[in-house]
Amino acid sequence: MAEFYSQLILAIVSCCGGVIAKSFLDAIAARKAEKKAQPSPVKVARDTERLAWRTEGAYWELRNAALRAGVREKSLPAVPAWLETST
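This is the structure in structure tokens:
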């Protein structure tokens with residue numbers, strides 16, 4: 007009878023231990039996924055700066071293409087304020 011109870015207790019402990027271990031591993035996996043989902047502030051700043059450079063470059067390319075095509079500079083829109091401050 008003692009053998010039965012000791013095996014029963016062992017089965018309960020191993021079952022609960024597995025559940026606890028699984029929930030712990032699930033929590034670790036969720037935390038890793040959360041970290042991957044949120045970009046770092048450094049990456050966001052770098053991507054924003056790259057986008058600003060591309061936008062500025064595209065603006066000047068379009069402006070120069072219009073001038074080469076014969077559009078007078080007076081008829082072009084003014085340089086945006088955000089672009090004047092960045093250069």
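Residue 86 in the working numbering sits at position 80 of the sequence shown, with consecutive numbering throughout. Ideal Cβ positions, reconstructed from N, Cα and C, are used throughout, including at glycine. In this text, all values refer to a predicted model and were calculated from it rather than measured experimentally.
Q. For L82 versus R74, is the C-beta spacing smaller than 9 Å?
A. Taking the first residue of the sequence shown as position 1, residue 82 is located at position 76. Taking the first residue of the sequence shown as position 1, residue 74 is located at position 68. No, Cβ-Cβ distance for L82 and R74 is not below 9 Å.
Q.
Once DSSP output is grouped into helix, strand and coil, what is the label at L82?
A. Locating residue 82 in the sequence shown gives position 76, counting from the first residue. Residue state, collapsed to three classes: coil.
**Q.** Rounded straight-line distance, which links the Cα of I34 to that of L89
**A.** Numbered from 1 along the sequence shown, position 83 holds the residue referred to as residue 89. Numbered from 1 along the sequence shown, position 28 holds the residue referred to as residue 34. Rounded to the nearest angstrom, the gap between the Cα atoms of L89 and I34 is 45 Å.
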